[in-house]
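As structure tokens, the structure follows; a few thoughts come after it.
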Amino acid sequence: MNVDPRRTKALARALDLRPVKSRGQHFLTAPPIVDGIVTCAGVGPEDGVLEIGPGLGALTAALAERVRRVVAVEIDRRLVAALNELFADRPSVHIVEGDVLAVDLPELLNRHFAPETPVHVVANLPYYITTPILFRLLEHGDRFRAITIMVQKEVADRLVATPGTKAYGALTASVARFARVEKCLDVPAGAFFPPPAVASRVVRLVPHRPSPYAGCREGYGHLVAVAFKSRRKTLANNLRQAHPALPIDWGAWLEAHGYDAKIRGEMLAPDDFCRLGAALWMLLQARTG
16 MNVDPRRTKA
26 LARALDLRPV
36 KSRGQHFLTA
46 PPIVDGIVTC
56 AGVGPEDGVL
66 EIGPGLGALT
76 AALAERVRRV
86 VAVEIDRRLV
96 AALNELFADR
106 PSVHIVEGDV
116 LAVDLPELLN
126 RHFAPETPVH
136 VVANLPYYIT
146 TPILFRLLEH
156 GDRFRAITIM
166 VQKEVADRLV
176 ATPGTKAYGA
186 LTASVARFAR
196 VEKCLDVPAG
206 AFFPPPAVAS
216 RVVRLVPHRP
226 SPYAGCREGY
236 GHLVAVAFKS
246 RRKTLANNLR
256 QAHPALPIDW
266 GAWLEAHGYD
276 AKIRGEMLAP
286 DDFCRLGAAL
296 WMLLQARTG
């Protein structure tokens, strides 16, 4: 059975499926937005899709028309039952009941997709747990061709921000270590049932292959955490506060590595976090090891 997003509201009523606010459930009802998400995802007939939070299947149905297989992970047992009924005639659609933060993701992917199948993630993420889900996916980024997600517009702005701007922060720099982020389309509140209280945006993340930051993983993450601990302080001050036992002139240390002694963390690009983070990590290992 095909699911027409224009009928989502009526379908929810017919099945007595009221969206659960505590789970951030907002069902897509606008066909142009559904089409836009599928286009943004860039999926094709040989691809597989891991969908997270399919709701009542509007996006699931559109994806099933384009790809070889859709595996949709849904935590709400009521929706799982409805989706299994709605897609009973679609053998290419598999509904998995579970929490994407708890499921064995590699096992799930290996069970449903052949190793040679390009796998995309497409998701309308619950906004209150966007960040943990995103990083869970990025940890397995080598398995995904791309990750296309709908998030709160404010989060999307942070994901695509550039150094020195107000939106640039720990989230921006941390995600940049894993993937390149592209802005796709804005989604008005009226495209959902019920409409959310915030604006939404779809972004596409393309995991690095190979990663230019593979050699600085520990130092990169540590420096990001230190740099944005107190955003208004200089990086030297944050380093001093993070490592009070080390008798180091951090301003001079930064200058020795080619950076202004008074630079703030928000001015560092991903390459800087890698280069400087690796140097910091070597220093810390030498002093503590």
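In the working numbering, the protein residues as written are 16 to 304. Every residue, glycine too, gets a C-beta built ideally from N, C-alpha and C. Treat the numbers as computed from the prediction; the structure is a model and nothing was measured.
DSSP-derived helix/strand/coil call for residue i
i           : result
residue 288 : helix
residue 195 : strand
residue 93  : helix
residue 207 : strand
residue 16  : With a pLDDT of 44 at residue 16, under the threshold of 50, the modelled position of this residue cannot be trusted; read the value that follows with caution. Three-state result, residue 16: coil.
residue 223 : coil
residue 102 : coil
residue 37  : Here residue 37 scores only 48 on pLDDT, less than 50, and its place in the model should not be relied on; the value that follows carries that caveat. It is helical.
residue 76  : helix
residue 254 : helix
residue 151 : helix
residue 185 : helix
residue 278 : coil
residue 216 : strand
residue 87  : strand
residue 270 : helix
Cβ pair residue i, residue j closer than 7 angstroms
i           : j           : result
residue 56  : residue 132 : no
residue 95  : residue 89  : yes
residue 121 : residue 284 : no
residue 136 : residue 159 : yes
residue 216 : residue 168 : yes
residue 243 : residue 184 : yes
residue 175 : residue 194 : no
residue 187 : residue 166 : no
residue 139 : residue 51  : no
residue 251 : residue 234 : no
residue 66  : residue 97  : no
N-terminal and C-terminal residue of the beta strand (DSSP E) that residue i is part of
i         : result
residue 5 : Nothing can be reported for residue 5: it is not among the residues displayed for the chain, which extend from 16 to 304.
Among the options, nearest to residue i - alpha-carbon criterion
i           : options               : result
residue 109 : 119, 140 and 75       : 75
residue 60  : 71, 220, 70 and 77    : 77
residue 273 : 134, 67 and 288       : 288
residue 201 : 176, 180, 223 and 172 : 172
residue 153 : 116, 70 and 279       : 116
residue 224 : 240, 212 and 191      : 191
residue 257 : 296, 228 and 270      : 296
residue 99  : 277, 261, 70 and 226  : 70
residue 44  : 119, 207, 85 and 127  : 207
Residue i, enclosing alpha helix (DSSP H) - first and last residue
i           : result
residue 126 : 120–127
residue 212 : Element bounds for residue 212: n/a, residue is neither H nor E.
residue 238 : 232–242
residue 63  : Unbroken run through residue 63 is the beta strand (DSSP E), 63–67; no alpha helix (DSSP H).
residue 52  : 46–56
residue 138 : Not the alpha helix (DSSP H): residue 138 falls in the beta strand (DSSP E), residues 134–139.
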